[in-house]
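S.K.:
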Amino acid sequence: MTTPTTWRKPPFIASPVLRWAFYIAVAIYLVGTIGTLPIDWERASEGLTRAGRIFSGAFPPSFARSDLMITGFMESLKIAILATVLGLLLSVPLAFMAARNIAPKPVYFVGRGLFILARSFHPVIVAIIFVKAVGFGPLAGALTLTIYSIGFVAKLLAERIEEIDFGQVEALRSVGAPYLVTMVYAIVPQIMPRLVGLGIYQLDSNLRASAVVGIVGAGGIGSTLANAFGRYDYDFALAITMVIVGAILISEAVSGKIRKNMT
Amino acid sequence: MLEINNLVKRYGKGAPVLKDLNLSVQGEQLMSIIGSSGAGKSTLLRCINRLVEPTSGTITLNGTEMTTLGAKDLRRARRRVGMVFQSFNLVDRLTVMENVQSGRLGYISTWAAITRRYPAADIERAFELMERVGIAQYANKRADELSGGERQRVGVVRALMQRPEILLADEPTASLDPKTSEQIMSLLRDLANELNLPVIINIHNVTEAKEFSDRIVGMRYGRIIFDDKPAALDAAQMDEIYAGTPSQDRQDMGAVA
Amino acid sequence: MDWARYTPAQRMKRYGAFFGVALLVTWALGSIDVIWEWVWDAPVQLADLFTRMVPPDPTNLETILWATWETINIATIATMIAVVLSLPVALISAQNTTPNVVCLWIGRFILVSSRSVNTIIWALLFVAIFGPGIIAGIIAIMFRSIGFLGKLLGEAIEEIDHAPVEALQACGASRFRVVLYGIVPQVMPAFFAISILRWDINLRESTVLGLVGAGGIGIILQGAIDTFQWQEVSMVLLTILALVIVGEVIASALRKKLL
Numbered sequence: 001m002t003t004p005t006t007w008r009k010p011p012f013i014a015s016p017v018l019r020w021a022f023y024i025a026v027a028i029y030l031v032g033t034i035g036t037l038p039i040d041w042e043r044a045s046e047g048l049t050r051a052g053r054i055f056s057g058a059f060p061p062s063f064a065r066s067d068l069m070i071t072g073f074m075e076s077l078k079i080a081i082l083a084t085v086l087g088l089l090l091s092v093p094l095a096f097m098a099a100r101n102i103a104p105k106p107v108y109f110v111g112r113g114l115f116i117l118a119r120s121f122h123p124v125i126v127a128i129i130f131v132k133a134v135g136f137g138p139l140a141g142a143l144t145l146t147i148y149s150i151g152f153v154a155k156l157l158a159e160r161i162e163e164i165d166f167g168q169v170e171a172l173r174s175v176g177a178p179y180l181v182t183m184v185y186a187i188v189p190q191i192m193p194r195l196v197g198l199g200i201y202q203l204d205s206n207l208r209a210s211a212v213v214g215i216v217g218a219g220g221i222g223s224t225l226a227n228a229f230g231r232y233d234y235d236f237a238l239a240i241t242m243v244i245v246g247a248i249l250i251s252e253a254v255s256g257k258i259r260k261n262m263t
Numbered sequence: 264m265l266e267i268n269n270l271v272k273r274y275g276k277g278a279p280v281l282k283d284l285n286l287s288v289q290g291e292q293l294m295s296i297i298g299s300s301g302a303g304k305s306t307l308l309r310c311i312n313r314l315v316e317p318t319s320g321t322i323t324l325n326g327t328e329m330t331t332l333g334a335k336d337l338r339r340a341r342r343r344v345g346m347v348f349q350s351f352n353l354v355d356r357l358t359v360m361e362n363v364q365s366g367r368l369g370y371i372s373t374w375a376a377i378t379r380r381y382p383a384a385d386i387e388r389a390f391e392l393m394e395r396v397g398i399a400q401y402a403n404k405r406a407d408e409l410s411g412g413e414r415q416r417v418g419v420v421r422a423l424m425q426r427p428e429i430l431l432a433d434e435p436t437a438s439l440d441p442k443t444s445e446q447i448m449s450l451l452r453d454l455a456n457e458l459n460l461p462v463i464i465n466i467h468n469v470t471e472a473k474e475f476s477d478r479i480v481g482m483r484y485g486r487i488i489f490d491d492k493p494a495a496l497d498a499a500q501m502d503e504i505y506a507g508t509p510s511q512d513r514q515d516m517g518a519v520a
Numbered sequence: 521m522d523w524a525r526y527t528p529a530q531r532m533k534r535y536g537a538f539f540g541v542a543l544l545v546t547w548a549l550g551s552i553d554v555i556w557e558w559v560w561d562a563p564v565q566l567a568d569l570f571t572r573m574v575p576p577d578p579t580n581l582e583t584i585l586w587a588t589w590e591t592i593n594i595a596t597i598a599t600m601i602a603v604v605l606s607l608p609v610a611l612i613s614a615q616n617t618t619p620n621v622v623c624l625w626i627g628r629f630i631l632v633s634s635r636s637v638n639t640i641i642w643a644l645l646f647v648a649i650f651g652p653g654i655i656a657g658i659i660a661i662m663f664r665s666i667g668f669l670g671k672l673l674g675e676a677i678e679e680i681d682h683a684p685v686e687a688l689q690a691c692g693a694s695r696f697r698v699v700l701y702g703i704v705p706q707v708m709p710a711f712f713a714i715s716i717l718r719w720d721i722n723l724r725e726s727t728v729l730g731l732v733g734a735g736g737i738g739i740i741l742q743g744a745i746d747t748f749q750w751q752e753v754s755m756v757l758l759t760i761l762a763l764v765i766v767g768e769v770i771a772s773a774l775r776k777k778l779l
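In the order they appear, the protein sequences are chains A, B and C. FYI, in the numbering used here the residues of the first sequence are 1 to 263. FYI, in the numbering used here the residues of the second sequence are 264 to 520. FYI, in the numbering used here the residues of the third sequence are 521 to 779.
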């Protein structure tokens with residue numbers, strides 16, 4: 001037996017036919033999509049001059065109308081607080097509905113379906129619908145972020161309920177406690193820390209999201225930003241963006257710190 | 264030939280881990296360093312290829328002064344020093360062949376390294392060595408699919424692929440069961456003889472050290488307090504190595520107190 | 521003997537927190553700029569809107585599906601480019617692979633600025649620069665994704681097992697080859713998981729780019745809303761729902777296959 005002098009790494013897809021089919025499919029997709037992108041070079045070079053104009057218009061950032069900014073920011077904060085509280089309150093019953101170990105099958109499917117629905121739509125889409133239904137302003141924003149909160153909190157809460165210690169439930173059932181009492185005394189204390197943690201996390205993400213849904217008219221600092229952009233006040237827009245970024249960094253740090261202290 | 268003179272290693276501002284250590288290795292095929300944990304065995308070994316930066320002193324390997332080399336020359340020098348580790352230190356998600364060939368990483372082109380198109384001579388030598396230690400059939404397996412003994416064999420082959428002038432083994436059998444441990448030790452001894460390669464082994468197991476070594480060095484608190492043939496290691500010296508504080512350090516401590 | 525669930529200090533803390541939340545809510549409710557009649561009217565309005573949305577109208581289904589395809593492409597292309605661009609950023613912003621402190625801070629700056637600005641805000645900017653269309657959308661998604669991918673990948677690099685790296689250094693391999701053989705294989709699973717996760721997120725984000733003019737299905741949604749064609753709106757919403765769910769299924773299938 002002679003010692004081999006060649007060696008190839010075993011390919012990720014063992015079958016050569018499949019492997020080449022995969023490569024070709026990827027190549028076709030890339031050529032077909034990137035190749036047909038409507039890149040208008042003239043437009044792009046024009047874009048660069050426009051970018052220059054935007055950036056030169058944006059520097060230095062203008063804090064001249066900071067009262068407008070503060071009002072917008074406080075509105076975002078209010079929207080975030082109300083949406084978080086309302087979202088948490090609604091999430092609890094929904095989470096019970098969507099927990100496999102306590103809800104009957106049909107209820108379980110309804111619960112799951114509701115928060116899959118809540119999670120699937122980007123908050124901006126939800127916001128634009130609410131804006132149409134209830135008008136421009138913070139109300140649409142608060143409703144949007146309530147839905148957004150439910151999609152996240154209810155899902156994780158349901159997962160927490162599914163992993164609770166069932167011994168406590170059985171202990172209370174065995175002393176003949178009624179259903180609701182069982183739930184409150186056996187399950188709520190177990191999920192409470194999680195609920196508080198999720199609430200703090202959600203307040204942080206609602207604050208972020210409120211900056212975005214405002215762009216389609218749902219109130220808060222996002223609306224201020226969209227207005228500034230629409231009026232070509234790029235220096236004010238940059239100032240607002242800087243404030244948003246700063247607020248997000250602070251809120252992330254604070255929420256991270258609180259959650260760390262809790263555990 | 265390896266020559267270590269006045270080697271001192273101190274981490275941060277603490278007491279030195281190696282205290283003015285002198286050691287000369289020549290002629291012997293397999294030398295074991297014994298001593299309890301914290302005696303400085305591992306630091307000594309890592310100073311030789313400067314995985315740990317010595318504080319002062321000189322280390323000369325076949326005429327090359329290791330302690331003063333710049334980054335590029337150091338890489339060149341490291342290729343001449345093979346190393347085998349306690350926890351094997353393989354890249355788990357790569358195949359055995361890739362792990363073995365990583366011993367040649369200092370020699371091959373970047374393109375060959377990326378595409379895994381290793382030179383024919385390297386592949387041939389890899390298969391020969393793997394055949395020799397009994398892992399040739401695993402060339403295409405991922406490293407984490409192998410047993411401990413097999414993984415350490417991969418580690419040994421990787422080091423030998425460098426065509427080293429000296430092989431350092433840091434507790435190579437400490438993660439293995441007794442039977443596998445014996446196999447690896449005898450493999451190292453046999454390879455040392457076949458390849459005429461000096462091997463320095465850090466080891467906890469004194470019985471194995473006595474059985475397989477040509478020379479035993481005992482360390483205690485960063486100093487060498489025993490250096491002789493295995494037969495010369497008796498119970499009293501064992502006690503000295505593993506229990507007592509060396510007399511010199513006792514004086515040091517007395518001076519401080 | 522009295523039995524109490526919490527120590528007095530704990531109880532005070534809990535009451536305090538509860539009181540604080542109540543205060544915040546009161547402040548927010550009291551000063552928020554809404555017309556309360558509208559609030560009470562909201563359920564009626566929503567129900568009304570809903571009745572106008574059913575049944576969904578599939579006449580423009582072909583256009584909708586074409587826009588959906590465009591949405592998928594925006595997400596996919598942007599994710600691919602962002603993955604490639606985030607690799608060097610991740611490498612220089614991980615403690616154990618960064619060449620020097622200057623690079624570390626440049627890397628961190630890129631990550632923070634990319635992550636803190638939302639996709640939609642990026643899209644606003646790029647629509648202003650490149651004009652409305654799919655290009656602005658792709659670049660916006662890309663800009664936002666680099667920070668996300670780079671941060672998570674950088675963390676994965678920081679968490680690797682250092683032992684194989686040490687072994688490769690002992691072999692005399694150069695820095696680049698140590699990364700190639702010692703680090704890349706270790707972060708591969710995280711790399712795929714993070715990329716798939718971001719693709720899934722980007723699919724959702726691409727559905728709204730059109731609302732600021734940056735291409736995809738959002739443009740049709742915006743058009744239908746502006747012309748009050750609520751049955752078409754519901755058709756678009758159903759398509760988005762299907763897209764997102766299918767995307768999630770594909771993502772979890774890929775995850776299972778690759779990891």
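Don't be surprised by glycine CBs; every beta carbon is placed ideally from N, CA and C.
Assign M512 of chain C to buried or exposed, taking buried as 16 or more other Cβ atoms, counted over all protein chains shown, within 10 Å of its Cβ.
M.R.: Nothing about residue 512 of chain C can be read from this structure; chain C reaches only from 521 to 779.
S.K.: L286 of chain B bridges to which residues according to DSSP?
M.R.: B:I267
S.K.: Using a C-beta to C-beta distance shorter than 9 Å, which residues of chain C count as neighbours of P11 of chain A?
M.R.: None at all; the shortest Cβ gap to chain C is about 15 Å.
S.K.: Starting from S410 of chain B and walking both ways along the alpha helix (DSSP H), at which residues does that stretch end?
M.R.: Where S410 of chain B is concerned, there is no enclosing alpha helix (DSSP H), given that its DSSP letter is neither H nor E.
S.K.: Using a 10 Å radius around the Cβ and a threshold of 16 neighbouring Cβ atoms, would you call Y381 of chain B buried or exposed?
M.R.: Y381 of chain B comes out buried.
S.K.: Taking DSSP as the reference, what is the three-state secondary structure of G517 of chain B?
M.R.: Note that G517 of chain B has pLDDT 40, beneath the 50 cutoff, so the model's placement of it is unreliable and the number below is only indicative. DSSP places G517 of chain B in helix when its eight states are reduced to three.
S.K.: In three-state DSSP terms, what is D438 of chain B?
M.R.: One detail in the question is off: residue 438 of chain B reads as Ser in this sequence, not Asp. Here S438 of chain B sits in coil by DSSP.
S.K.: Taking 6 Å as the limit between beta carbons, can you name the residues of its chain near A389 of chain B, skipping five residues before and five after?
M.R.: V363
S.K.: Using a C-beta to C-beta distance shorter than 8 Å, which residues of chain B count as neighbours of F144 of chain A?
M.R.: The amino acid at residue 144 of chain A is misidentified as Phe; the sequence shows Thr. Within chain B, no residue comes near T144 of chain A; the closest Cβ sits about 44 Å away, beyond 8 Å.
S.K.: State the DSSP-derived secondary structure class of M329 of chain B, mapped to helix, strand or coil.
M.R.: coil
S.K.: Ends of the beta strand (DSSP E) at L731 of chain C?
M.R.: Per DSSP, L731 of chain C belongs to no beta strand (DSSP E) and is neither H nor E.
S.K.: M521 of chain C by DSSP, collapsed to three states: which one?
M.R.: For M521 of chain C, the predicted model reports a pLDDT of 49, less than 50, meaning its position is unreliable and no value from the coordinates is stated.
S.K.: I'd like the list of long-range same chain contacts for L619 of chain C, defined as Cβ closer than 6 Å, with 5 residues on each side in sequence excluded.
M.R.: Note that residue 619 of chain C is Pro in the sequence shown, not Leu. The answer is none, since no qualifying residue turns up.
S.K.: For the stretch 552-583 of chain C, which segments carrying the alpha helix (DSSP H) assignment without a break, of at least 4 residues, lie completely within its bounds, in sequence order?
M.R.: 556-573
S.K.: Any C-beta of chain C sitting closer than 8 Å to the C-beta of I377 of chain B?
M.R.: yes
S.K.: Taking DSSP's pairing of strands, which residues face I296 of chain B in a bridge?
M.R.: Its beta-bridge partners are B:N465 and B:V480.
S.K.: Whole angstroms are fine: how far does the CA of A744 of chain C sit from the CA of I128 of chain A?
M.R.: In a straight line, the C-alpha of I128 of chain A is about 12 Å away from that of A744 of chain C.
S.K.: Can you tell me whether DSSP reads V344 of chain B as helix, strand or coil?
M.R.: Note: V344 of chain B maps to strand in three-state DSSP.
S.K.: Are the stretch 622-636 of chain C and the stretch 691-704 of chain C in contact at 8 Å, needing three or more beta carbon pairs?
M.R.: Output reads no: the stretch 691-704 of chain C does not touch the stretch 622-636 of chain C.
S.K.: Using a Cβ-Cβ distance under 8 Å, would E686 of chain C count as near chain B?
M.R.: yes
S.K.: Quick one: what does DSSP say K272 of chain B is sitting in, helix, strand or coil?
M.R.: Here K272 of chain B sits in strand by DSSP.
S.K.: Identify each residue in the stretch 3-36 of chain A for which the Cβ-Cβ distance to at least one residue of chain B is less than 7 Å, and report them in chain order.
M.R.: T3, P4, T5, T6, W7, K9 and P10
S.K.: Between A:R160, A:T49, A:G214 and A:V153, which lies nearest to R119 of chain A when the distance is taken from Cα to Cα?
M.R.: A:V153
S.K.: Run down chain C in chain order and give the residues with a C-beta less than 7 Å from the C-beta of F229 of chain A.
M.R.: L644
S.K.: Which residues mark the beginning and the end of the beta strand (DSSP E) in which T321 of chain B is found?
M.R.: First-last of the beta strand (DSSP E) with T321 of chain B: S319 to L324.
S.K.: Any C-beta of chain C sitting closer than 8 Å to the C-beta of S365 of chain B?
M.R.: yes
S.K.: Give me the Cα-Cα distance between V92 of chain A and I150 of chain A, rounded to the nearest whole angstrom.
M.R.: 9 Å
S.K.: Can you tell me where the beta strand (DSSP E) with F489 of chain B in it begins and where it stops?
M.R.: Element bounds for F489 of chain B: R486 to D491.
S.K.: Would you tell me roughly how many angstroms separate the C-alpha atoms of E590 of chain C and I680 of chain C, rounded to the nearest one?
M.R.: Straight through space, the alpha carbons of I680 of chain C and E590 of chain C are spaced by roughly 38 Å.
S.K.: So with Cβ pairs under 8 Å, would you call K78 of chain A a contact of chain C?
M.R.: Chain C, which has a Cβ nearer than 8 Å to the Cβ of K78 of chain A, makes this yes.
S.K.: Would a C-beta distance cut-off of 8 Å place A186 of chain A and Q168 of chain A closer than the cut-off?
M.R.: yes
S.K.: Starting from the C-beta of R513 of chain B, find all residues in its chain whose C-beta is less than 7 Å away, skip the five residues before and the five after it, and write them out in chain order.
M.R.: Below a pLDDT of 50, predicted positions are generally treated as unreliable, and R513 of chain B, at 47, falls in that range; no measurement from the model is reported.
S.K.: Tell me A432 of chain B's beta-bridge partners as DSSP assigns them.
M.R.: B:V347 and B:I464
S.K.: Considering Cα atoms alone, identify which of A:Y29, A:A80 and A:G217 is closest to F130 of chain A.
M.R.: Minimum Cα distance to F130 of chain A is reached at A:G217.
S.K.: Using a Cβ-Cβ cutoff of 7 Å, what residues of the stretch 649-670 of chain C are near chain A? List them in chain order.
M.R.: Under the 7 Å Cβ criterion, the stretch 649-670 of chain C contributes I649, F650, G651, G653, I654 and I655.
S.K.: Between B:Q400, B:T436 and B:M294, which has its C-alpha nearest N468 of chain B's C-alpha?
M.R.: Of the listed residues, the one whose Cα sits closest to N468 of chain B is B:T436.
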